[in-house]
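With the first letter of the sequence shown counted as 1, position 253 gets the number 245 in the numbering used here; the numbers rise by one all the way through.
Note that the Cβ used here is the ideal one computed from N, Cα and C, for glycine as well.
Everything on this sheet refers to the single structure shown next.
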Amino acid sequence: MKTKLLGKTPAELAELARSCGLKPFVGRQLALWMYDGKVTDWERMTNISKQSKAALQEISELGTSGPVGRAESSDGTVKYLFRVGEGEAVESVVIPDNGRKTLCVSSQAGCRMGCRFCMTGRQGWHGNLDAADILNQFVSIPEASELTNAVFMGMGEPFDNYDAVSRAIDILTSPEGFGWSPKRITVSTIGVLPVLKHFLDGQRCHLAVSLHNPFPDERLEMMPVQKAWPLEDIVALIRRYDFSGQRRVSFEYTMFAGWNDDKRHADALVRMLRGLECRVNLIRFHKIPDFPHACPPDAVMEEFKNRLNNQGIVCTIRASRGEDVLAACGMLAGRHSL
């Protein structure tokens, strides 16, 4: 099997070039074409000789592949389908908003966390993406050069595939890679506690924690991960870090009518998060098959938001995007056996 070049650091590409009998600078040229230029075709790498390309192609491939499906929402959101691995597929979403274009990127085919309200989680786990699969979602779409931000909120639990995710982030934020500021990237997690500490110690990206219910027994009903990594332990760890500067932490709270949308839940959230520099994002639940709950009315969400804000917790309602093409939060599922 040939080595994928996408996902390798400039230093690794230089060493690969050396192993082919080429000058190390050829590897750095490759990095510029792939990461700065978003080039996915050998022929467009015009300052690399044919002989050098031939030597590299003997042992390697770029690791890029275009999407095999596209769906555009009435609100301008675009969902792409990518082949990964053996017959698997993942989806990623480009969300345009007031001059920004944010990529919602996937890190796994399916997910093993099993949240009852998530289409991805309900399909089970079908494999991890490697760094090339992750970065391919950035470089192989028409909007590649227009992306301003990225959120690891697509298919999969990023901290369940952290080696590949952290490698992708390192390349995204390296001056010799994409050159992005860590402030342009948010990583969402359900709360894999051991990996969370590695992330907080090793990365400067923003963090988003899937919370959804402040009461442990109720959260466990919807999120089996609560048993392994209790929410209260996650919040306790986060309190040990400084979020008053460049890095932000937010808590994602999908709202379900009659389950987590009343005064009791709002006040429990305040008690849990008081004194922590953070934001709560309320998310409208998007109806999925064979699931009994629905989203509460807008008035209920507004009242919940106002109650948190009035008690000192910054709270907003996230705009719902791409629901008509199944691209909204919790709706990504990919397709299998392609």
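Each residue's CA atom was taken as its position, placing L121 and A260 some 37 Å apart.
With a 10 Å radius around the Cβ and a threshold of 16 neighbouring Cβ atoms, A311 comes out exposed. Boundaries of the alpha helix (DSSP H) around K297: D290 to N302. According to DSSP, residue pairing for I309 in a beta bridge involves L274. In this model, N128 and V143 are separated by some 15 Å (Cα to Cα). For the options K(-4), D155, F17 and A81, the alpha carbon positioned closest to that of Q49 is the one of K(-4). Between the C-alpha atoms of S236 and G267 there is a straight-line separation of about 11 Å. Shown here for Y154: same chain residues with a beta carbon closer than 6 Å to its own, the five before and five after excluded, namely V187 in chain order.
With contacts defined by Cβ atoms closer than 8 Å, R239 and R299 do not form a contacting pair. The region 193 to 251 is shown to contain whole alpha helix (DSSP H) runs of 4 or more residues at 208 to 214, 217 to 220 and 223 to 230, in chain order. Counting only residues of its own chain and dropping the five nearest sequence neighbours on each side, K(-6) has a CB closer than 7 Å to the CB of I51, S52 and E53. G119 is the residue among A63, L24, G119 and E213 whose C-alpha sits nearest the C-alpha of V76. In terms of Cβ geometry, E83 and G148 do not form a close pair [threshold 8 Å]. Contact between M264 and C107 does not hold, since their C-beta atoms are separated by about 19 Å, which reaches or exceeds 8 Å. Contact check between the region 197 to 211 and the region 245 to 259: three or more CB pairs, one atom from each, fall below 8 Å, which counts as touching. By the beta-carbon neighbour count (other beta carbons within 10 angstroms, threshold 16), S180 is buried.
In the structure shown, the three-state DSSP call for H118 is strand. Taking S98 as the centre and dropping the five residues before and after it, the same chain places the C-beta of V82, S84, G146, M147 and G148 closer than 6 Å to its C-beta, in chain order.
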